[in-house]
Amino acid sequence: MSPPEHFVVEYAINPWMDVSTPVDTELAVKQWEGLRETLVRLGHQVHVLPPQPGLPDMVYAANGAFCVDGVVYGARFKYAQRIAEAAEHRRFYEQQQGWTFVAPGETNEGEGDFAYLPDALGGGVILAGHGFRTEVAAHSEAQEVLGRPVISLRLVDPRFYHLDVALASLDDRTIVYYPGAFSAASQAVLAQLFPDAVVADEQDALSFGLNLVSDGRNVVLNSDATALAAKLRQAGYVPVPVELTELKKGGGSVKCCIAELRP
Ligand code: ARG
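Under the working numbering, the first residue of the sequence shown is numbered 1015, with each subsequent residue one higher.
See the structure below:
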């Protein structure tokens, strides 16, 4: 995670960003701290990546890379404003003992567009989004780098421009997603492969509920997503709401702030 000390909305690269909306950076930091403390309380270890002036979106740490079993597929950002973030993440991963960092050739925004299920369909499976940020060529590159099957899914609604605002893993094999964010063909693929998925609606997605992080039992999600929290409780999970109003102004929430490490 990387604290939003330099967070502002000075450019707009997704429909949620409005440069005329004031941002309370201090409140953003306070809310981010609440998220970090929640993770620690749930037993997770959190590494903090020092934020860099001039990189306001660095708080969305999920976009910096995607790793599976100690192999790290680096990010290559679509927009010029974020390109320099990739090197900050790369430095972190290269410092970890025993990890392998692989520089990307194709445009991809890390965990923003890649999700991992360790035990679905007979083993580890990667779900990957394209359509707005990550190029479909990065999906096959990720498959070659990480040695796990990649299922390509096409995003079609600009409000849900990354996979991680439309779909999330709840445990080793279960997902929750909003079908309307995907093309009809990709919806058919998801319905075929994940008949037991928790299905979210447009309101759940608009409240950034799907931008969640789960440990298989506790599901940390945006406190605005009350209806989705109820669905998750019904499905046997324990919703853990956190308030992240400021970071929503940049087009992100819980998951965007967290790069999950899979050593
Ligand atoms: N302002 C950032 C952008 O548009 C938000 C990124 C959100 N991150 C995510 N993992 N969905 O790139």
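Even for Gly, the Cβ is constructed at its ideal location relative to N, Cα and C.
Sub-8 Å separation of residue i and residue j beta-carbons
| i | j | result |
| --- | --- | --- |
| Leu1169 | Ala1152 | no |
| Val1043 | Leu1053 | no |
| Asp1218 | Ala1241 | yes |
| Ser1237 | Pro1255 | yes |
| Pro1065 | His1103 | no |
| Gly1088 | Ala1094 | no |
| Val1033 | Ala1026 | yes |
| Thr1039 | Pro1067 | no |
| Leu1167 | Ile1140 | no |
| Leu1204 | Ala1214 | no |
| Ser1221 | Ala1239 | yes |
| Gly1119 | Glu1155 | yes |
Limits of the beta strand (DSSP E) - the one that residue i falls within
| i | result |
| --- | --- |
| His1058 | Careful: His1058 lies outside any beta strand (DSSP E) and carries neither H nor E. |
| Arg1104 | Looking at the DSSP string, Arg1104 is not in any beta strand (DSSP E); the run it does join, the alpha helix (DSSP H), is Glu1099 to Gln1109. |
| Thr1114 | Thr1114 to Val1116 |
| Arg1168 | Val1164 to Arg1168 |
| Val1256 | Val1252 to Val1256 |
| Ser1183 | Leu1181 to Ser1183 |
Residue i beta carbon near ligand 1 (any heavy atom closer than 7 Å)
| i | result |
| --- | --- |
| Val1159 | no |
| Ala1101 | no |
| Lys1263 | no |
| Gly1088 | no |
| His1020 | no |
| Met1015 | no |
| Cys1081 | no |
| Ile1189 | no |
| Gly1143 | no |
| Tyr1130 | no |
| Val1179 | yes |
| Arg1096 | yes |
| His1061 | no |
| Ile1140 | no |
Nearest-angstrom Cβ-Cβ length linking residue i and residue j, presumed shorter than 8 Å
| i | j | result |
| --- | --- | --- |
| Trp1113 | Val1086 | 6 Å |
| Leu1041 | Glu1216 | Contact doesn't hold; Cβ gap of about 27 Å is too wide. |
| Leu1049 | Val1233 | In fact, because the Cβ distance is near 13 Å, the residues do not count as touching under 8 Å. |
| Ala1142 | Val1164 | 5 Å |
| Trp1046 | Cys1271 | 7 Å |
| Leu1224 | Tyr1175 | With a Cβ gap of about 13 Å, Leu1224 and Tyr1175 do not count as contacting. |
Enclosing alpha helix (DSSP H) for residue i [first to last residue]
| i | result |
| --- | --- |
| Asp1133 | That residue, Asp1133, is in no alpha helix (DSSP H); its beta strand (DSSP E) goes Phe1128 to Ala1134. |
| Leu1261 | Thr1259 to Lys1262 |
| His1153 | Val1150 to Leu1160 |
| Leu1235 | No alpha helix (DSSP H) holds Leu1235; the beta strand (DSSP E) holding it covers Asn1232 to Asn1236. |
| Leu1141 | Where Leu1141 is concerned, there is no enclosing alpha helix (DSSP H), although the beta strand (DSSP E) it sits in stretches over Gly1137 to His1144. |
| Val1203 | Ala1198 to Leu1207 |
| Ala1079 | Careful: Ala1079 lies outside any alpha helix (DSSP H), inside the beta strand (DSSP E) at Ala1079 to Val1082. |
C-beta neighbour in chain B for residue i, strict 8 Å
| i | result |
| --- | --- |
| His1061 | Included in the structure is just one protein chain, with no chain B present. |
The region 1133-1150 contacting the region 1096-1110, beta-carbon criterion three pairs below 8 Å: Too few Cβ pairs lie closer than 8 Å, so no.
Inter-stretch contact at 8 Å, needing at least 3 Cβ pairs: the region 1074-1093 / the region 1114-1132: With the cut-off at 8 Å, the region 1074-1093 and the region 1114-1132 touch.
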